[in-house]
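Heads up: the structure comes next, in structure tokens.
Protein chains in written order, with the working numbering: chain A, 1 to 317; chain B, 318 to 488.
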């Protein structure tokens, strides 16, 4: 057993660097799909743009508007990063390499990703700005409603594996990855995950063409950077969860170590997130809610019912 | 739903397209032959300044970036005493080029004139003058104008009849 502090340190190091590296990766990938180059000047392949961006964020004036609620305004950006990092506690990167092997891993993940809503709502409210407030309200209702069937879609996996523990869920995918029996659940989870991280096409809380910058309109400097990092961490989290729950986590042919398999799969889903951003238009707000409650919610219920019925039938047979 | 997947696929295919970007400082974009860039003062075939200091360019300039002072040499030939263009204001519209009656002002394809110091964008006459006739080779204003200067009296210009003596009764 590896010392827990090493795991915590390693996970933090990898995650924060991934989040920073995603700034570069996303810009290069978007550029690739738009027939451009993207940042390619500073350093090899433009990698030092990460350094430049970070330095810029650190040296920007850390401005708090005089009309803002100062305490909450400062507190809100920390919540998003903290809650997402807390979610990573239960992600199994490889057999034994997990910060906390909780029995109720999935529930903990759902609880922590719900906490992320607070950051948006508090940030938007404390900004005391109508656009920020509108963005925060949208964010709150979007995340709360998509959370419902995110959880319901996950229950299919729980029914199949009979456990809330993520390591056991991965282990029970040895014969077949859950994406095959749970294809519908996977699709619903993916859509809900995009909405949960409020990435394009579901970036309605930000919606820069309608709401300036949505809930973080008033933020600048490193406080904005926290929202920024939180978003990329969220992308990584959802990708990691999709891999763990539906694509067999660290499982893979044994010529590569489990961690590498996990990283490769997660990277593929991060790329899918970026591809979504490159290709999708943003839906209208009411369309988003309608799609969630009238289509995805019944579908996820149906998915759960059918999965449970088949499982029951298999058990009793 | 199908259209969304299709658009994702089409965007994905762009991965294999050629990129449209010109890597600018290393790779120059092809400029059209009549590109309007930096303003220059051209010379006539004899190497003299073409500008006669008529102020038409300064009058035509929509942003008032041209400033000059006309003067005359001992032979009756006009030229600008100073000719100053503030390129931090110039919008490269080419109106001065159109207004110029002697083809003196011409716009070059050069556009790379960035400076660290704003004052360096103010170009004086010696910065603007180029040893070239520009787009109109062979044109010499004083050779075709009916104006008397040194070594050329009235009626001696190209395609010009000698002046009629209006006080004489002879045919």
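By construction, the Cβ of each residue, glycine as well, lies at the ideal position given by its N, Cα and C atoms.
Residue i: buried (16+ other C-beta within 10 angstroms of its C-beta) or exposed?
| i | result |
| --- | --- |
| residue 223 of chain A | buried |
| residue 239 of chain A | buried |
| residue 35 of chain A | exposed |
| residue 485 of chain B | exposed |
| residue 195 of chain A | buried |
| residue 338 of chain A | Nothing can be reported for residue 338 of chain A, as the shown portion of chain A is limited to 1 through 317. |
| residue 318 of chain B | exposed |
| residue 332 of chain B | exposed |
| residue 427 of chain B | exposed |
| residue 59 of chain A | exposed |
| residue 376 of chain B | exposed |
| residue 322 of chain B | exposed |
| residue 472 of chain B | exposed |
| residue 84 of chain A | buried |
| residue 22 of chain A | buried |
| residue 463 of chain B | exposed |
| residue 232 of chain A | buried |
| residue 219 of chain A | buried |
| residue 88 of chain A | buried |
| residue 266 of chain A | buried |
| residue 430 of chain B | exposed |
| residue 347 of chain B | exposed |
| residue 174 of chain A | exposed |
| residue 409 of chain B | exposed |
| residue 100 of chain A | exposed |
For residue i, which residues from the same chain have a beta carbon less than 7 Å from its beta carbon, with the 5 sequence-adjacent residues on both sides left out?
| i | result |
| --- | --- |
| residue 114 of chain A | 147 |
| residue 66 of chain A | none |
| residue 352 of chain B | 426 |
| residue 452 of chain B | 423 |
| residue 71 of chain A | none |
| residue 256 of chain A | none |
| residue 20 of chain A | 50, 54 |
| residue 48 of chain A | 42 |
| residue 144 of chain A | 117 |
Beta-carbon within less than 6 Å of residue i's beta-carbon, same chain only, minus the 5 sequence neighbours each way: which residues are those?
| i | result |
| --- | --- |
| residue 456 of chain B | 420 |
| residue 373 of chain B | 416 |
| residue 93 of chain A | 259, 262 |
| residue 172 of chain A | 161 |
| residue 79 of chain A | 118, 119 |
| residue 166 of chain A | 90, 92, 105, 244 |
| residue 358 of chain B | 368, 421, 445, 446 |
| residue 450 of chain B | 359 |
| residue 203 of chain A | none |
| residue 252 of chain A | 261 |
| residue 386 of chain B | 398, 399 |
Span of the alpha helix (DSSP H) holding residue i?
| i | result |
| --- | --- |
| residue 188 of chain A | 183–196 |
| residue 82 of chain A | 70–87 |
| residue 57 of chain A | 49–59 |
| residue 311 of chain A | 297–316 |
| residue 15 of chain A | 4–33 |
| residue 333 of chain B | Counting along the chain, residue 333 of chain B falls outside any alpha helix (DSSP H), and DSSP gives it neither H nor E. |
| residue 289 of chain A | 285–290 |
| residue 171 of chain A | 166–171 |
How far does the beta strand (DSSP E) with residue i in it extend, from its first residue to its last?
| i | result |
| --- | --- |
| residue 356 of chain B | 356–358 |
Measure how close the beta-carbons of residue i and residue j come, nearest whole angstrom, since I'm counting them as under 8 Å.
| i | j | result |
| --- | --- | --- |
| residue 249 of chain A | residue 242 of chain A | Actually they do not touch by this definition, with Cβ atoms about 10 Å apart. |
| residue 207 of chain A | residue 30 of chain A | The Cβ separation is near 18 Å, so there is no contact. |
| residue 300 of chain A | residue 153 of chain A | 5 Å |
| residue 116 of chain A | residue 205 of chain A | Not confirmed; about 11 Å, so no contact. |
| residue 24 of chain A | residue 46 of chain A | 7 Å |
| residue 412 of chain B | residue 371 of chain B | With 8 Å as the limit, residue 412 of chain B and residue 371 of chain B do not qualify as a contact, their Cβ atoms being about 14 Å apart. |
| residue 320 of chain A | residue 217 of chain A | As displayed, chain A neither begins before 1 nor continues past 317, which places residue 320 of chain A out of reach and without an answer. |
| residue 27 of chain A | residue 38 of chain A | 5 Å |
| residue 103 of chain A | residue 164 of chain A | 6 Å |
| residue 185 of chain A | residue 225 of chain A | Going by Cβ atoms, the distance from residue 185 of chain A to residue 225 of chain A rounds to 35 Å, so no, they are not a contact pair. |
| residue 201 of chain A | residue 282 of chain A | 5 Å |
Could you check whether the Cβ of residue i sits closer than 7 Å to any heavy atom belonging to the ligand ADP?
| i | result |
| --- | --- |
| residue 476 of chain B | No copy of the ligand ADP appears in this structure; indeed no ligand is present at all. |
Whose C-beta lies closer than 8 Å to the C-beta of residue i among residues of the same chain, with five residues either side of it excluded?
| i | result |
| --- | --- |
| residue 439 of chain B | 401, 402, 403, 404, 405 |
| residue 466 of chain B | 392, 393, 394, 459 |
| residue 235 of chain A | 22, 197, 199, 270, 273 |
| residue 432 of chain B | 438 |
| residue 52 of chain A | 42 |
| Which whole runs of the alpha helix (DSSP H) in the stretch 376–461 of chain B are 4 residues long or more, in chain order? | 412–416, 442–445, 458–461
| Which full runs of the alpha helix (DSSP H) of 4+ residues lie inside the stretch 74–153 of chain A, going along the chain? | 105–127
| query | Residue ranges of each alpha helix (DSSP H) run of no fewer than 4 residues wholly in the stretch 236–262 of chain A, ordered along the chain? | reply | none
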